[in-house]
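S.K.: When we follow this note's numbering, the leftmost residue of the sequence shown carries the number 425, and every step to the right adds one.
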Amino acid sequence: MSNKEEAMRWLMQGERDLGAAMVLMDKDFYESTCFHAQQASEKALKSLLFMKGQRSVVTHSTRELFREIKKVIPEFQDLGRASMELDKHYIPPRYPDAFPSGSPYEYYTREDADKCIKYAESILAEVRNFLKK
């Protein structure tokens, strides 16, 4: 499989995760929306690293992935803030023990979900633009 094919495989799954995030937001599953927005961004960022020839990308941290991308693609748009914000939604939306009491769904709001989707959309748009080159 070529680097481009592998990159597209990851990007397409990221696109599906973003679609899932939007469906979940419409159903008021805000914690799951944030997690899927993080997943969409993680997969999109990984797609760029695969495009650049990396064979294995182990981290789930969108912030770390962004830092790695900036090393190999210095001209990549500065999405550090978006990647840092989405990084916060990898574990807490899924695990009740990430909070002192209650369950994750009690802590997430529509505003949180909306911000996460916007961050993910900006990351995926930049990845798409870069992969077109």
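Heads up, the beta-carbon is just placed ideally off N, CA and C, and yes, glycines get one too.
Taking 7 Å as the CB-CB cut-off, is Q437 touching chain D?
M.R.: As a matter of chain content, chain D is missing from the structure shown, which is built from one protein chain.
S.K.: Please state the DSSP three-state secondary structure of D450.
M.R.: In this structure, D450 counts as helix in the three-state DSSP scheme.
S.K.: What is the residue span of the alpha helix (DSSP H) that F554 lies within?
M.R.: Residues R534 to K556.
S.K.: According to DSSP, is V496 part of a helix, a strand, or is it coil?
M.R.: It is helical.
S.K.: Express the C-alpha separation of A468 and D502 in angstroms, rounding to a whole number.
M.R.: 15 Å
S.K.: Determine the closest residue to E543 out of K428, M446 and A431, with distance taken between C-alpha atoms.
M.R.: A small fix is needed here, since residue 543 is Tyr in this sequence, not Glu. Of the listed residues, the one whose Cα sits closest to Y543 is M446.
S.K.: So, P517 versus F459, is the Cβ gap smaller than 7 Å?
M.R.: yes
S.K.: Where does Q437 sit, in a helix, a strand or coil, going by DSSP?
M.R.: helix
S.K.: Between the C-alpha atoms of I541 and K556, what's the straight-line distance to the nearest angstrom?
M.R.: Going from the Cα of I541 to the Cα of K556 covers about 22 Å.
S.K.: Please classify F523: is it buried, with 16 or more other beta-carbons within 10 angstroms of its beta-carbon, or exposed?
M.R.: exposed
S.K.: Please classify T483: does DSSP put it in a helix, a strand, or coil?
M.R.: Coil at T483, not helix or strand.
S.K.: When you compare only the Cα positions, how much space is there between H513 and Q462?
M.R.: 6 Å
S.K.: Within 10 angstroms of its Cβ, does E492 collect 16 or more other Cβ (buried), or is it exposed?
M.R.: Buried.
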